Every structure is written in C-alpha cells, then in structure tokens.
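Using the working numbering, the first residue of the sequence shown is number 993, and each one after it goes up by one. Cβ coordinates follow ideal geometry from the N, Cα and C atoms, glycine included. Just so we're clear, the structure is a prediction, and the values are computed from it rather than from any experiment. A short write-up of the structure that comes next.
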Amino acid sequence: MPIYYNHKNTGRPPSPENKWTSKYIDALYTPLFPFGHGLSYTSFEYSCLEINPCEVEGKQDVEIRLKLKNIGEREGDEVVQLYVRDFVASVTRPVKELKGFKRVTLKPGEEKPIMFKLTLEDLSFLNQEMKWVVEPGEFGVMVGSSSEDIRLTGRFVVKEHVYLTF
C-alpha cells in the first residue's frame, strides 16, 4: 500500500464499503497526516479558479489564478499548494503531483490573488523511450492546503506532442 501522496492509481481505489478494494483490513490505509498538512490559527477561503489557456498548443505556459481570503478573526499564514494530474499518458502517472506552492500571510478579511505558472517542464515525464515528453490529453488541476484538502479543481487540455531537451 503506498502511503505517499503521489502514488499511482491502483485500479481498485479504497472504499470502506467494499472489502475487495486496495486497503488494509485492520488498519488505516492513509498516513496520519497528509502531505503538505499544516495548521493555522484562522480559516481561509479559496475562490475564483481560472485556468488560461484551457487548450494548450505548442510551447505555451498555463497560468493558474485564484483568490485566497482570510475569513477568520486572526492574522494567519496559509500554504497554497498546486497539484496536477495527467489523466491519459503512454505510461502510468501519479494521481497527483505537487507543481507549486506559495506561503501567504493575510490579515482578517484580507484577500489576495494567487498566480502559478505551469511550464512544459512541469507537465513532462520520461516516456518508454526515456525521452522527456508532454503528450496530448487532459490534465487536472487541484489547489488546496494539503494533498488531501483540495479546495478548487479544474482541467485543461494539451493538444499536441512536445519533446523536450534539457
């Protein structure tokens, strides 16, 4: 059982109602704390997720924008985390990969725009020929305060193969 956040899809995701799924019978199948877990003295609201462009052609970067607001009564820090999932690829891909994070300090009621930039290098992987490639297909975007506390989700599509050289 993988207990790390960027595991591969097992084909039988854990389900408490079904004993034939991938999990332990006598223990939790998750770590005590998820990847990126942290606590704050206040609460935060994530909103207004924008992905631009929604269809990537050539060597375009993808901009991920959102708004973060402190909705609590105290000043606090939040680590906004960006995860990406490649839904269809020629080799198995993790269910989520951390591609960026930002630590933000906000006063009560304060709101800030957050921006991440995904490059082709962020989306690339080694294919069966051991070449760095970005394959066409759909990608999922997940933003939250940990790998399990995802607050916003979205998708974009890559339209063509891109081979990278480093």
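Residue closest to Val1071, alpha-carbon to alpha-carbon, out of Asp1078, Arg1077, Lys1061:
Lys1061
How about Cys1040 and Leu1058: do their beta carbons lie closer than 9 Å?
yes
Measure the alpha-carbon distance for Glu1130 versus Ser1032 and round it to whole angstroms.
34 Å
What beta strand (DSSP E) runs, 3 residues minimum, are completely inside the stretch 1037-1074?
1054-1062
Leaving out the 5 sequence neighbours to the left and right, which residues in its chain are closer than 6 Å to Leu1115 when beta-carbon positions are compared?
Val1126
Count the C-beta pairs between the stretch 1045-1059 and the stretch 1080-1087 that are closer than 8 Å, then say yes if the count reaches three, no if not.
no
Once the 5 residues before and after Ser1007 are set aside, which same chain residues still bring their CB inside 7 Å of it?
Thr1013
Quick one: Cα of Lys1099 to Cα of Glu1065, how far?
8 Å
Measuring only the C-alpha atoms, how far is Val1087 from Lys1104?
29 Å
Since Glu1130 is in the alpha helix (DSSP H), which residue starts that stretch and which ends it?
Glu1130 -> not in any alpha helix (DSSP H); beta strand (DSSP E) instead, spanning 1129-1136.
From the DSSP output, read off the bridge partner residues of Ile1017.
Partner(s): none; Ile1017 has no beta bridge.
Closest to Tyr996 by CA distance: which of Glu1009, Arg1004, Tyr1021, Lys1011 is it?
Tyr1021
Among Leu1144, Tyr1155, Glu1140, Leu1156, which has the Cα closest to the Cα of His1029?
Glu1140
Using 9 Å as the threshold, is the C-beta distance between Phe1027 and Ser1137 below it?
no
Short of 8 Å in beta carbon distance, which residues of its chain neighbour Lys1151, apart from the five on each side in sequence? Order them along the chain.
Glu1047, Val1048, Glu1049, Pro1128
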